[in-house]
Amino acid sequence: MNSMEDYLVRGTAAEGRIRAFAVRSTEMIRTMQEIHQTSPNVTAGLGRLMTGAAMMGAMMKDENARLTLSIRGGGPVQGMTVTADSHGFVKGFANVKRVPLTLLGPGKLDVGGPIGYGTLTVIREDGIGEPYSSQVNLLTGEIGDDLTYYFATSEQTPSAVGLGVLVDTDETVKDAGGFIIQLMPDVLEEEITALEEALKNAAPISEMIDQGMTPEDILTKIIGNMGFELLEKQPIAWKCDCSEERVAHAIMSISKSDIQEMIDDGKPAEVKCHFCEKNYVFTTEKLKEMLASSAK
Ligand code: ZN
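If you use the numbering used here, the sequence shown corresponds to residues 1 to 296, in order.
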């Protein structure tokens, strides 16, 4: 694997009583920014959500598993939606792509402010049975805190989440990455104390990324002296899985009389994929065909 490619590492510490994930998501967030031309605050917020989702997708075992993270807020960004699967593919979009630049400090982008007060909804499709959906209020909107809160309240899994996206002055993505470290139910009291201490002593995630630390470096830095064991390394990437067939299916799910109306008006149906901005056009001829074949 090329060192400049995005990837995820998975590992354990304390003989399996701690599990850990870390990613380099620079290319993934860079691609998102190129497609959506998001302004820096949105790039940081959506980038963090996608980076978290990449790791949460990897926690799911079934090969058809999918995870959707949806944020709704009262701020100018309004909302963000991210989908990840268990193969490391992630896509996402923000309702409002560009907002005025706001900083929390020198060079520190404000993520929570532009999102505002709101909710985080997590929908897990495990590949078997009904989707599982859970909603929590946003704590700060800084994403890392909100995912920590979600893990604690909805999954009863105490977790440390660090997510960082560095945006350059020309709005392009410089670096992105993060980690999730989770305590398993059998964790020992002294291991919790040791982890808290290690997290307190580690540099903020944005600093670690800025220093060029790899996912392995980050986990070694935090849980290196707690019996850290690297289990797996897998590539992650941006990918939108939309297709003409899927969009046609979505069109057919609206009422037949609405489709007939479009045909009668001689208007083609135009549908844009929110995730990748790809435009699908269905001519009236095509719509007629679709109606006819659905009537069979
Ligand atoms: Zn798409």
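Just so it is clear, CB atoms sit at the ideal spot from N, CA and C, and this is done for glycine as well.
None of these values were measured; they are calculated from a predicted model.
query, result
"Cα separation between V82 and I263?", "34 Å"
"What are the complete alpha helix (DSSP H) segments, minimum 4 residues, inside the stretch 171-231?", "189-201, 205-210, 215-223"
"For the ligand ZN, which residues have a Cβ under 6 Å from at least one heavy atom, in chain order?", "C240, C242, C273, F275, C276, K278"
"Return the bridge partner residues of G105 from the DSSP annotation.", "K108"
"Is it the case that the CB of D175 approaches a heavy atom of the ligand ATP more closely than 7 Å?", "Here the bound small molecules are the ligand ZN; the ligand ATP is not part of this structure."
"Rounded to a whole number of angstroms, what is the C-alpha to C-alpha distance between C273 and L104?", "33 Å"
"Take M184 as the anchor and find which of A248, R17, V9 has the nearest alpha-carbon.", "R17"
"Apart from the five residues just before and just after V23, which ones in its own chain have a Cβ nearer than 8 Å to its Cβ?", "D6, Y7, L8, V9, T51, A54, M55, G177, G178, F179, P215, I236"
"Under 8 Å, do I29 and G47 count as touching if we go by C-beta distance?", "yes"
"Tell me whether K267 is buried or exposed, calling it buried when 16 or more other Cβ atoms sit within 10 Å of its Cβ.", "exposed"
"Can you tell me where the alpha helix (DSSP H) with F89 in it begins and where it stops?", "Taken as a continuous stretch (DSSP letters only), F89 belongs to no alpha helix (DSSP H), being part of the beta strand (DSSP E) at 89-94."
"Can you tell me whether DSSP reads K272 as helix, strand or coil?", "strand"
"Under three-state DSSP, which class holds M60?", "coil"
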